[in-house]
Amino acid sequence: MVRSGRLSVDSSSTANHRRTPSRTVTLGRIQPQAPTYRTVYCNDREGNAPVRFKVNSISTTKYNVLTFLPKGLFEQFRRIANIYFLAISCLSMTPISPVNPITNVAPLSLVLLVSLIKEAFEDWKRFQNDMAINNSLIEVLQDQNWVPIPWRKLQVGDIVRVKQDGFFPADILFLSSTNPDGICYVETANLDGETNLKIRKALERTWDYLTPEKASEFKGEVQCEQPNNSLYTFTGNLIVQKQTLPLSPNQLLLRGCSLRNTEYIVGAVIFTGHETKVMMNAMNAPSKRSTLEKKLDKLIITIFCALVTMCLIGAIGCAIVTDRDHYYLGLHEKDWEYRNALMIAFFTFFTLVTLFSTIIPISLYVSIEMIKFIQSTQFINQDLHMYHAETNTPALARTSNLNEELGQVEYIFSDKTGTLTRNLMEFFKCSIGGTSYGTGVTEIERGIAQRNGLKVQEEQKSTGAIREKGFNFDDPRLMRGAWRNEANPDLCKEFFRCLAICHTVLPEGDESPEKVVYQAASPDEAALVTAAKNFGFFFYRRTPTMVYVRESHVEKMGKIQDVAYEILNVLEFNSTRKRQSVVCRFPDGRLVLYCKGADTVIFERLANGMDDVKKVTREHLEQFGASGLRTLCLAYKDLNPEAYESWNEKFIQAKSALRDREKKLDEAAELIEKDLILIGSTAIEDKLQEGVPSCIETLSRAGIKIWVLTGDKMETAINIAYACNLINNEMKQFIISSETDAIREAEERGDQVEIARVIKEEVKKELKKSLEEAQHYMHTVAGPKMALIIDGKCLMHALDPSLRITLLSLSLNCSSVVCCRVSPLQKAQVTSLVRKGAKKITLSIGDGANDVSMIQAAHVGVGISGMEGMQAVMASDFAIAQFRFLTDLLLVHGRWSYLRICKVVMYFFYKNLTFTLTQFWFTFRTGFSGQRFYDDWFQSLYNVVFTALPVIVLGLFEKDVSASLSKRYPELYREGIRNSFFKWRVVAIWAASAVYQSLVCYHFVTASAFGGKNSSGRVFGLWDVSTIVFTCLVIAVNLRILMMSNSITRWHYITVGGSIAAWLIFAFVYCGIMTPRDRNENVYFVIYVLMSTFYFYFTILLVPVAALLGDFIFQGVERWFSPYDYQIVQEIHRHEPESSKGDHQLEIGNELSPEEARSYAISQLPREISKHTGFAFDSPGYESFFASQLGIYAPQKAWDVARRASMRSRPKTPKKN
Amino acid sequence: MSSNTASSSAGAAGSTDSSAARRNSKRPKYSRFTQQELPACKPILTPCWVISTFLIVSVIFIPLGVISLFASQDVVEIVDRYDNDCIPVPARANKVAYIQGTGDKTCNRTLRVPKRMKQPVYVYYQLENFYQNHRRYVKSRSDSQLRSQKYENQVDACKPEDDVGGQPIVPCGLIAWSLFNDTYDLSRNNQRIAVNKKGIAWKSDREHKFGKNVFPKNFQKGNLTGGASLDPNIPLSEQEDLIVWMRTAALPTFRKLYGKIETDLEAGDTIHVTLQNFYNTYSFNGKKKLVLSTTSWLGGKNDFLGIAYLAVGGICFFLAIAFTIMYLVKPRRLGDPSYLSWNRNPGGR
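Heads up: the sequence lines are chains W and A, in that order. So the first sequence is residues 798 to 2014, counted in my numbering. So the second sequence is residues 1229 to 1577, counted in my numbering.
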């Protein structure tokens, strides 16, 4: 699996080509002789007519009017339960059936009807959606005019005009644009989720065809590839006036994208409708079934086995008992089905199967479906707690299959950027010359303080605090030149200069502090430069050799001067060096090297002395790191001109080296980056999404393990893990990194096979060692919690089948796992490793196209909606706007859904078993003949009318504890992880209850129904007795709902009362009428006869109470002696009114000032043992950054393969041109 | 920015007003239903509730049990099994042959009245091991034929007793065919006691299910005779024996009303029964019993209901006491957080 996975990544670009033909062939879209290219005559409908291109209307519906019934029924009968009932219905048409066919046909038809109506409704919605898209208007060139026509009438070859913010109605060849240079900007969010705009450029030859007059003159011929699903390739030629111009993806505007920053464009339609690339890409999400439903299948099979057993008992019994001596039965030799014992047993068996068929709850699936549908559309989608006001996004359940799965999740796989973090770096704190600055409190600090019972006040920003993107720092000691009064103003100055000079940022826009926009390869750098700006060192211009900084307060307070620094060398950042240096010459000729980098590498290179500062700075770094900040150390060094010149020669040599340039550059850098003077350090907050740490904490208290899978570098990932509280310093961390010396050495040697072998060996060694250690800790009582950090390269080898088990057992022992530098495919592999290997329920959450495979691999996929594109959302099962909404989604909705579905299933099981068992007991007294106990209609309506609604109400309104308590006691969630409510033990208890109740109902009534039954001495017949039993059953079974409900709303009363009333009313009507046709009027007038006796009333009081008494005792005893957790929580809060939805936070009176709170919070942070100092820095390096600025084409990412885009996602509203 | 996610709940009241202003908002509308905040009663089975429920049940059930037991005790019932005794000793080796034979089957029984039996005294016959609820048997009838002359020919369900030489049997089917035909003559001090056979069937059967203009036809004319024959001149609605018989019993042991005696029987009276032992239960070892019984308002003698009421009430009472003692001796503190599983074994693995 790993192998094939790797292959598909490697060959991603070619795979598209190779896959295309096979796909089209399988879809039967291309005739064998069809040419491999298509020719489109632009602006010439007649010319295109012979080819019969597809129309532009699309249809995503499953059925049409004709196919609905057959196809819909076929879908329904793919469900095994429906097949079963169909078989039973067929059986009941034969004479061996004891029951009227109506008994089985009626419920089946009702169930099918409900399902089909639901299908039809959903398809109708899809149809309307399609219609809305097909009917949106687009301007087409007709007779030198732009005429709006609906999308569906668009044809290949038409010339269209798309206005700003409009969607492209088909795949269009880009001809001309109002922008100069024939470019336009395209947003592809619907396709791949990327919100940054893409540039498309028309061929120069076609730039002029912009006005209708001009455009109508355009007569081009396009020869291009056949429709395929590759979004990023396109080859073709445009033939204009006998000139052949090659076409590239750059000229293709894909359906589903929208036009931005361009007034309008003109283009020619190439692919339409289902042949557009986006539609060729649309595929149905793999439908997921919840684990509970799979377990339910097992339960159904068990029930089926019970059914077979019951029938066998009956059949054998019948064969033994049946005897011609019972002459009144009129058995004759000529009745072949009674010829011998074997025949009798055989036929009786099938008779009994039809009779006991009610044991399998026919309406179970449809009821569960209805419940889940309402749960997802009404509860999850409508939950105000999961509505994100800023992005105006409510939660969205895209499937209703998996509600209860949300209540059993044990592993969460989370993407980092965009999910946990906002991808927003803010300068937050710093340490200069051994003094720490910055008054902010990170969320993690706040969380720690809160756990220690402190109420941290909201930060009150001093009025003058500067707050802008990238800068969230306030300390009056530094701001507005106040640093001049600090103990070491010169060092402060160096600090700011280092920030302002040592970087690779490009300023854009106006050269004023308010308007400048920094273009940076990494947001960290932008934050640092922004910080320098706010400290009064405004970097405003860069030339290839110079950096211009507007410095304030340097000479004296209030003075502003522009200073130009000459940049002599840039020593680039890379992951081995972990530092970046700039050599610059001050206007006064001073030569300085500024360096920033990881604390480890900087500290190694410091000049001797300064031990105090080093020690204090190190402490600060540890504090920053522990509070989840990313740190960089800053240092500088004054250079002596002669020494510099000699070094510069070596450096230039290295730079021009042809072989091993990288290595030589590094070596050269080493020569000058030494004897540095430490300035201090910066701490940048990688801004987390709101509420992430507390959400993670809540989730981990709920017993959920959170794994972070990120494409980021190890340092960054670890940092975020700290910031999210996933890792802390008390944890034992196992780090398996490919950045070890052994591996690096092997890599330098460069033999691919060798590298792979070395890495594998290393990984194996590390894994074994870590696992041993982990197991050792597991056996000790108070062992530390463990965390595993592994990078993508190692992971690739660790996922090898030989090591997979080790990896799995190691990671399952760890409370958190961080995988960094992983590809989207690896994300999916890790997910399925846990899903399949550990058989645990997994949830993946992510926001981007790179998370799609992971989202689809997990049991439950959650997409972050409302910010980036739609990719993740389209692949997901649930979409929420914020990571923190997971608490609500899992702890509230998931837990409740799980609880509800469990109860519903158990209740269905119980009520059908009880009902069928009374029938079974009766069979013993009829000589196993298979005589039915109840009237046909009673039996068929039992499931679908008399006991149908209360259980649905239970499935909707049941809650053990309120939403706020669910979140306050996240541990309650563990009941779901342990699957406490759907274990065989629970099934056994319900089965016992069903046996007991059926015995009571049956025997109490039959034992007492003997003899005269009122003062007139008349006796009851079979149907009188069975009607009493049925009445008792309906009452008992309906009341049982109330007994098992933890929250009884008026709907419970209405439906329970209504069901019992419905039975009585039905009985009154049904027993009161006679039909002229042949019908066994067994129950004619029965209910009236019964109601004329006191006995009836005495029985219907006694029997349900006696039947429920057993359950009541059990519930009482269970609660008393081994209560469930939720029951205790209920008891703790039994006096609280539920309406108080306000926060039940621990409110402790000791309010602290922010300052005190902060110092307290910091004092609470773990120390000493810390090794983590929070270094993290993302920078792709100077060269590549500038290269990308110049628009050099970067290769497509590997996960483009895994993407899928669907038209269904398209928002309906914004398509007005 | 609030860090307080656990309480991210946007207060319900405060958030509703703003939604009206923003037309374009996708903000879900507040309703108690969608927010799952419907007012609900939350019963918690506290020991107090458990004990009081038990007490309430016992308080209601014990008196009801006593009442129904008394009612049952008031009923005087004489049961006499005669199937065996009514076969002459020589014929007992082959009872079936005797019963199928044509000899005189008169049999005399003597019953003693243990207690005064106030009129009406009901006469029942009781059969055992007779599967009147057998699947073949139950369905072997034609309700429409019984009801109306029009449907005389609807005999499909009645096989094998559906027709005789193409002529439909009325009433058809096994049930009617096997009609019970023992007869009882009761006398006290050589004075015949009249047995009223009117009004022994349920009124609804008499008036609606059995037609007034349906007369027996071809009945018991087949090659085999099952049970009693019917007077073809009396409409079915007045053949109450048949009507009673055709309300098939639920269990293989059943009683059917034979008639009622409208005089009081005094304690110590000796009642002579002259019975015609026609009905064949010997083939399948069925028992036959003659029952004389009075009724109370609750019906015939049946202690089960009273005992069941008393038992349930008693169990509840006992449990109430047991739980109370348990509650006093070793109380479980309600809502004690130390019971929570994650507090019991820290670490929670």
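Ideal Cβ positions, reconstructed from N, Cα and C, are used throughout, including at glycine.
- When C-beta distances to chain A are compared with 8 Å, the residues of the region 1744 to 1757 of chain W below that value are F1754, K1756, in chain order.
- Under the Cβ criterion (8 Å, minimum of three pairs), the region 1412 to 1428 of chain A counts as touching the region 1460 to 1470 of chain A.
- Note: D1391 of chain A is bridge-paired with A:P1396 in the DSSP secondary-structure output.
- Taking C-alpha positions only, N1312 of chain A is separated from Y1125 of chain W by approximately 20 Å.
- For C1381 of chain W, the enclosing beta strand (DSSP E) stretches over residues 1376 to 1382.
- Residue state for E1202 of chain W is assigned as helix, using DSSP reduced to three classes.
- Judged by DSSP secondary structure, C839 of chain W falls outside any alpha helix (DSSP H); it is assigned neither H nor E.
- Counting along the chain, the unbroken alpha helix (DSSP H) around V1410 of chain W starts and ends at 1408 to 1423.
- Under the three-state reduction of DSSP, A1112 of chain W is assigned to helix.
- Here Y1894 of chain W is exposed, its C-beta having fewer than 16 other C-beta atoms within 10 Å.
- According to DSSP, residue pairing for C1430 of chain W in a beta bridge involves W:G1394, W:S1478.
- By the C-beta density criterion, G1406 of chain W is exposed, having fewer than 16 other C-beta atoms within 10 angstroms.
- A distance of 7 Å or more separates the beta carbons of L1035 of chain W and L1049 of chain W.
- The beta carbons of F1153 of chain W and L1104 of chain W sit closer together than 7 Å.
- When Cβ-Cβ separations below 7 Å define contact, Q1347 of chain A makes no contact with chain W.
- Close to M1871 of chain W, with beta-carbon spacing below 7 Å, are these residues of chain A in chain order: H1436.
- Among the residues of chain A, none has a CB under 7 Å from the CB of A1466 of chain W; the nearest is roughly 42 Å distant.
- Contact with chain W is absent for Y1507 of chain A, since none of that chain's Cβ atoms lies less than 7 Å from the residue's Cβ.
- G1658 of chain W sits in a strand when the DSSP states are folded into three classes.
- Beta-bridge pairing by DSSP links M1583 of chain W to W:K1529.
- For A1550 of chain A, the uninterrupted alpha helix (DSSP H) run begins and ends at 1531 to 1557, by DSSP.
- Taking 8 Å as the upper bound for CB-CB distance, D968 of chain W and T1073 of chain W are in contact here, some 5 Å apart.
- Here A1678 of chain W is not near G1691 of chain W, since their CB atoms are 7 Å or more apart.
- If you check the CB distance, S1300 of chain A and N1530 of chain A come in under 7 Å.
- Counting along the chain, E1018 of chain W sits inside the beta strand (DSSP E) bounded by residues 1017 to 1022.
- Relative to the Cα of D1384 of chain A, the nearest Cα in the group A:K1378, A:S1370, A:S1376, A:R1375 belongs to A:S1370.
- Burial is judged here by how many other beta carbons sit within 10 angstroms of a residue's own beta carbon; P1024 of chain W has at least 16 and is buried.
- Residue-level contact by beta carbon fails for V1783 of chain W and chain A, as no gap is shorter than 7 Å.
- Residue state for S1777 of chain W is assigned as coil, using DSSP reduced to three classes.
- In this structure, W:S1726 is the residue among W:S1726, W:G1752, W:K1810 with its C-alpha nearest to the C-alpha of L1128 of chain W.
- Taking V1413 of chain W as reference, the option from W:T1218, W:L1475, W:D1435 with the minimal CA-CA separation is W:L1475.
- The three-state secondary structure of R1255 of chain A, taken from DSSP, is coil.
- Residue contact with chain W for V1392 of chain A: absent (no Cβ-Cβ distance below 7 Å to any residue of chain W).
- Around the beta carbon of I1403 of chain A, 16 or more other beta carbons sit within 10 angstroms, so the residue counts as buried.
- Burial state of W943 of chain W is buried, judged by a 10 Å Cβ sphere holding 16 or more other Cβ atoms.
- Looking at the backbone, the Cα of K1484 of chain W and that of L1221 of chain W are separated by about 5 Å.
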